[in-house]
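Q:
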Amino acid sequence: MRAPTRQELADYAEQFASQIAEQTGEELNFGPSSLATLDAVIGKWLDLASVYAGQSGQEDAGLAVFTAPMAAYLGEIFVRNLHGVWETNPPPDVPIGTHIVLAGKLRVNVFKKARDVLAGLERPTLSPYYSTIANLVRDSHLDVPGPGEDDSETAIPGGAKGHTV
1 MRAPTRQELA
11 DYAEQFASQI
21 AEQTGEELNF
31 GPSSLATLDA
41 VIGKWLDLAS
51 VYAGQSGQED
61 AGLAVFTAPM
71 AAYLGEIFVR
81 NLHGVWETNP
91 PPDVPIGTHI
101 VLAGKLRVNV
111 FKKARDVLAG
121 LERPTLSPYY
131 STIANLVRDS
141 HLDVPGPGED
151 DSETAIPGGA
161 KGHTV
């Protein structure tokens, strides 16, 4: 199975945002504040899924199908607002699959976060998750370019090692 391209992930995120708008009337604009809206939507889904899963005797709430689209949306927020870079084919020494790299050093496993939230292992906390990582990047003085600045040096060349969150 081939890894998705960066453009495919961006397209997937756009489709997810459109589907959320169609299904719920909530607009997701790829800004960090839209994560609070997404947290509320997912919270409602999890509440409904727990009721229906309990009635049918199923453990799976049926939300796993949204893992990749939600991860793509979350990842695109890091890409668009913190100049993150999708790493779709990590080198063999990197223990996670497709993920976001911030400031050339910090790896963010958005797929694990999405999977854990949708499986009910964590509460929907995408907004504070983003804020915590954004603060970590700022407080660590990692070199994240501001809006309009050249970010060509922020990608990990050749998949250099960094920290994973």
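In terms of the working numbering, the sequence shown opens at residue 1 and continues consecutively. Glycine included, every Cβ here is placed at the ideal spot set by N, Cα and C.
#1: When you compare only the Cα positions, how much space is there between A71 and L121?
#2: Tell me, please, whether the region 41 to 51 touches the region 113 to 128 by the rule of three or more beta-carbon pairs shorter than 8 Å.
#3: Cα-Cα, which of S127, N135, V41 is closest to F66?
#4: Would you call Y52 buried or exposed, if buried means 16 or more other Cβ atoms sit within 10 Å of its Cβ?
#5: Do V101 and V79 come within 7 Å of each other at the CB atom, strictly closer than that value?
#6: Per DSSP, R123 is paired with what?
#7: Mind checking S56: buried by the 16 CB within 10 Å criterion, or exposed?
#8: If you follow the beta strand (DSSP E) that E230 is in, where does it begin and where does it stop?
#9: According to DSSP, is V101 helix, strand or coil?
#10: Is it right to say G75 is buried, meaning 16 or more other beta carbons lie within 10 angstroms of its own, or is it exposed?
#11: Between L28 and A17, which are expected to be in contact by the criterion C-beta below 8 Å, what is the C-beta distance as a whole number of angstroms?
#12: Taking the alpha carbon of T125 as the point to measure from, which residue in T37, L82, V137 has its own alpha carbon closest?
A: In this structure, then:
#1: Along the sequence shown, read from residue 1 onward, the residue named residue 71 stands at position 71. Along the sequence shown, read from residue 1 onward, the residue named residue 121 stands at position 121. Between A71 and L121, the C-alpha separation is close to 16 Å.
#2: With a cut-off of 8 Å, the region 113 to 128 and the region 41 to 51 count as touching, because enough Cβ pairs lie within range.
#3: Reading the sequence shown from its first residue, position 66 is the one you call residue 66. Between F66 and the set S127, N135, V41, the nearest pair of CA atoms involves V41.
#4: Within the sequence shown, numbered from 1, the residue matching residue 52 stands at position 52. When all chains shown are included, Y52 counts as exposed.
#5: Stepping through the sequence shown from its first residue, residue 79 is reached at position 79. Stepping through the sequence shown from its first residue, residue 101 is reached at position 101. V79 places its beta carbon 7 Å or farther from that of V101.
#6: For this step, residue 123 is matched to residue 123 along the sequence shown. Answer by DSSP bridge pairing: none, since R123 is not bridged.
#7: Here residue 56 corresponds to residue number 56 of the sequence shown, with the count starting at 1. Low per-residue confidence applies at S56: pLDDT is 45, beneath 50, and the placement is therefore not dependable, though the value from the model is reported in the following sentence. Classification for S56: exposed.
#8: Nothing can be reported for residue 230, as the shown portion of the chain is limited to 1 through 165.
#9: Within the sequence shown, the letter at position 101 stands for residue 101. DSSP places V101 in strand when its eight states are reduced to three.
#10: Along the sequence shown, one-based indexing puts residue 75 at 75. By the 10 Å Cβ count, G75 comes out buried.
#11: The residue you call residue 28 lines up with position 28 of the sequence shown. The residue you call residue 17 lines up with position 17 of the sequence shown. About 4 Å separates the Cβ atoms of L28 and A17, confirming a contact at the 8 Å cut-off.
#12: Walking along the sequence shown from the start, residue 125 turns up at place 125. Comparing Cα-Cα distances from T125 to each of T37, L82, V137, the minimum goes to T37.
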